[in-house]
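What the sequence shown shows, in the numbering used here, is residues -19 to 277, in sequence order.
Note sheet for the following structure.
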Amino acid sequence: MGKNITKINHETIGLIYGFLGVLGFSGTLPATRIAVTNFDPIVVGLGRAVIAAAFAIVLLRLTRQPIPHRQYWKSLGIIVGGVIIGFPLLSAWAMQQLPASHGAIVTGILPLATAIVAALRMGEKPSLGFWIASFLGSMTIVTFALIEGNGTIQFADIFLIVAVIAAAFGYAEGGELAKTLGGWQVICWALVLSAPILIIPVTVVVLQKGISASPYAWLGFGYVSIISMFLGFFAWYRGLAIGGIARVSQIQLLQPFLSILLSALFLGEKITYLMICTALIVVISVAIGRKQPIQIN
């Protein structure tokens, strides 16, 4: 009985942290869409990590965190490639061509991708019911993308799909490493590790094109730098570590719905019945998947 209560509490707490992370991430594509109206995608995609790294350095020094042991550097490298370089840069390019609401729904396949990576790399074993629910939500999103693209996947959708694959590895690896280093420590060290590399292309683009932008674009860039790239991961990695990667990652199926609302509010994008129906089916799949058992080794 006591073990079951502890398990339930861990799952619930993990889901709460995960939901807080999703709330922060929900504004990522709308904010990116706003930022790329004035900024180069490289500045938006990679520059956010440079800004976030400055905050990470301060926090790590104030709390006197020890440098991670060499055995964790490979995992940190995967995180850098996935959520600091891969997803931000590819999604920034895609947002130059697609509405944020469209991009939000396409990236809804991320929870399934994360669950697959968790199963392959971390040994988590979701039940058949979990996979069916995840597959239902993901295929609904793919169908939406095909309808929006008149029967074909748009080129920008390919960027988003590759971005999703990159993020899935970064999420799963980060959630696993957070069990050892802690959630906020993982993203902070990954940012510090990547900063010396990313500052080079960002500086080159800034010198070539400048950084003149509207206050609205600066606000979007500030959001992806501080919330999407920094604070959001504090809660997200903590949730993945506590509640299990496959389980908590499914909360992100709610993100398309939240992002659509933000896109309508701040970008004036039209919410269609197709979007609403797609989001509702995704929400239902989350509810079903939430009740399915997952074995965590």
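All C-beta atoms in this analysis are idealised placements derived from N, C-alpha and C, irrespective of residue type, glycine included.
Do you know offhand how far residue 230's Cα is from residue 180's? As a working note, residue 230 is residue 250 in the sequence shown. As a working note, residue 180 is residue 200 in the sequence shown. A straight-line Cα-Cα distance of about 36 Å links residue 230 and residue 180.
If you follow the alpha helix (DSSP H) that residue 119 is in, where does it begin and where does it stop? Within the sequence shown, the letter at position 139 stands for residue 119. Element bounds for residue 119: 108 to 128.
What first and last residue would you give for the alpha helix (DSSP H) that runs through residue 283? Any property of residue 283 remains undetermined from this structure, which presents the chain solely from -19 to 277.
Between the CA atoms of residue -6 and residue -19 - distance to the nearest angstrom: On the sequence shown, residue -19 is found 1 positions in, with the first residue counted as 1. On the sequence shown, residue -6 is found 14 positions in, with the first residue counted as 1. With a pLDDT of 44 at residue -19, under the threshold of 50, the modelled position of this residue cannot be trusted; read the value that follows with caution. When only Cα atoms are considered, residue -19 and residue -6 end up about 20 Å apart.
Is the beta carbon of residue 92 less than 8 Å from the beta carbon of residue 124? Numbered from 1 along the sequence shown, position 112 holds the residue referred to as residue 92. Numbered from 1 along the sequence shown, position 144 holds the residue referred to as residue 124. Inclusion of residue 92 and residue 124 in the CB contact set at 8 Å is not warranted, their separation being larger than that value.
Whose C-beta lies closer than 8 Å to the C-beta of residue 74 among residues of the same chain, with five residues either side of it excluded? Translated into the one-based positions of the sequence shown, residue 74 becomes position 94. Cβ contact annotation for residue 74 (same chain, cutoff 8 Å, sequence separation greater than five): 83, 136, 137, 139, 140 and 143, in chain order.
When you compare the CB positions of residue 40 and residue 215, do they come within less than 8 Å of one another, or not? For this step, residue 40 is matched to residue 60 along the sequence shown. For this step, residue 215 is matched to residue 235 along the sequence shown. Between residue 40 and residue 215, the CB-CB gap reaches or exceeds 8 Å.
Of the residues 78, 254, 87 and 30, the one placed nearest residue 13, counting alpha carbons only: Counting from 1 along the sequence shown, the entry for residue 13 is found at position 33. Measuring C-alpha to C-alpha distances from residue 13 to each of 78, 254, 87 and 30 identifies 78 as the nearest.
Can you list, in chain order, the residues of its chain with a C-beta nearer than 6 Å to that of residue 151? Leave out the 5 residues immediately preceding and following it. Along the sequence shown, read from residue 1 onward, the residue named residue 151 stands at position 171. Excluding residues up to 5 positions away in sequence, 94 lie with their Cβ nearer than 6 Å to the Cβ of residue 151 in the same chain.
N-terminal and C-terminal residue of the alpha helix (DSSP H) that residue 12 is part of: For the purposes of this step, residue 12 is identified with residue 32 of the sequence shown, where counting begins at 1. Residue 12 -> alpha helix (DSSP H) spans 8 to 15.
State the Cα-Cα distance for the pair residue 29 and residue 175, rounded to the nearest angstrom. Here residue 29 refers to the residue found at position 49 of the sequence shown. Here residue 175 refers to the residue found at position 195 of the sequence shown. Each residue's alpha carbon lies about 7 Å from the other.
Secondary structure of residue 250, DSSP reduced to three states: Numbered from 1 along the sequence shown, position 270 holds the residue referred to as residue 250. Under the three-state reduction of DSSP, residue 250 is assigned to coil, being neither helix nor strand.
Rounded to the nearest angstrom, what separates residue 269 and residue 110 at their Cα positions? Within the sequence shown, the letter at position 289 stands for residue 269. Within the sequence shown, the letter at position 130 stands for residue 110. Take the alpha-carbon of residue 269 and the one of residue 110: they are about 5 Å apart.
How about residue 32 and residue 209: are their beta carbons less than 8 Å apart? On the sequence shown, residue 32 is found 52 positions in, with the first residue counted as 1. On the sequence shown, residue 209 is found 229 positions in, with the first residue counted as 1. Yes, the Cβ-Cβ distance between residue 32 and residue 209 is below 8 Å.
CB-CB length for residue 24 against residue 204, believed under 8 Å: Residue 24 sits at position 44 when you count from the first residue of the sequence shown. Residue 204 sits at position 224 when you count from the first residue of the sequence shown. Your pair residue 24 and residue 204 checks out as a contact, with CB atoms roughly 7 Å apart and the cut at 8 Å.
Beta-carbon proximity check, residue 233 vs residue 4, cutoff 8 Å: As a first step, residue 233 must be located in the sequence shown, where it is residue number 253. As a first step, residue 4 must be located in the sequence shown, where it is residue number 24. No, they are not a contact pair.
Could you tell me whether the stretch 98 to 108 touches the stretch 235 to 243, where touching means 3 or more Cβ pairs closer than 8 Å? Counting Cβ pairs under 8 Å, fewer than three are found: no touch.
Kindly list the residues whose CB is nearer than 6 Å to the CB of residue 261, restricted to its own chain and excluding five residues on each side of it in sequence; keep chain order. Mapped onto the sequence shown, residue 261 falls at position 281. These residues qualify, in order along the chain: 120.
Taking 8 Å as the threshold (beta carbon to beta carbon), is residue 173 in contact with chain B? In summary, chain B is missing from the structure at hand, where a single protein chain is found.
In terms of residue numbering, what span does the alpha helix (DSSP H) encompassing residue 204 cover? Start at 1 with the first residue of the sequence shown, and residue 204 comes out as number 224. Counting along the chain, residue 204 falls outside any alpha helix (DSSP H), and DSSP gives it neither H nor E.
Measure the C-alpha to C-alpha separation of residue 220 and residue 127 and round it to an integer number of angstroms. On the sequence shown, position 240 is the one that residue 220 refers to. On the sequence shown, position 147 is the one that residue 127 refers to. Take the alpha-carbon of residue 220 and the one of residue 127: they are about 33 Å apart.
By the 10 Å Cβ neighbour count, where 16 or more other Cβ atoms means buried, how is residue -3 classified, buried or exposed? As a working mapping, residue -3 is identified with position 17 in the sequence shown. Burial state of residue -3 is buried, judged by a 10 Å Cβ sphere holding 16 or more other Cβ atoms.
With a threshold of 8 Å on Cβ separation, who are the neighbours of residue 206 within its own chain once the five nearest residues in sequence on each side are excluded? If you number the sequence shown from 1, residue 206 lands on position 226. If you ignore the 5 residues before and after residue 206, its C-beta comes within less than 8 Å of the C-beta of 31, 32 and 35, all in its own chain and listed in chain order.
Identify which residue in 257, 177 and 146 has its Cα closest to the Cα of residue 61. For this step, residue 61 is matched to residue 81 along the sequence shown. Comparing Cα-Cα distances from residue 61 to each of 257, 177 and 146, the minimum goes to 146.
Select from 250, 163, 248 and 22 the residue whose C-alpha is nearest the C-alpha of residue 56. For the purposes of this step, residue 56 is taken as the residue at position 76 of the sequence shown. Taking each of 250, 163, 248 and 22 in turn and checking the Cα distance to residue 56, the smallest one comes out for 163.
Compare the Cα-Cα distances from residue 53 to each of 182, 191, 154 and 265 and report the closest residue. Stepping through the sequence shown from its first residue, residue 53 is reached at position 73. Measuring from the Cα of residue 53, the nearest candidate turns out to be 154.
Below 8 Å between beta carbons: does that hold for residue 90 and residue 148? As a first step, residue 90 is located in the sequence shown; it is residue number 110 there, counting from the start. As a first step, residue 148 is located in the sequence shown; it is residue number 168 there, counting from the start. Yes, these two residues count as a Cβ contact at 8 Å.
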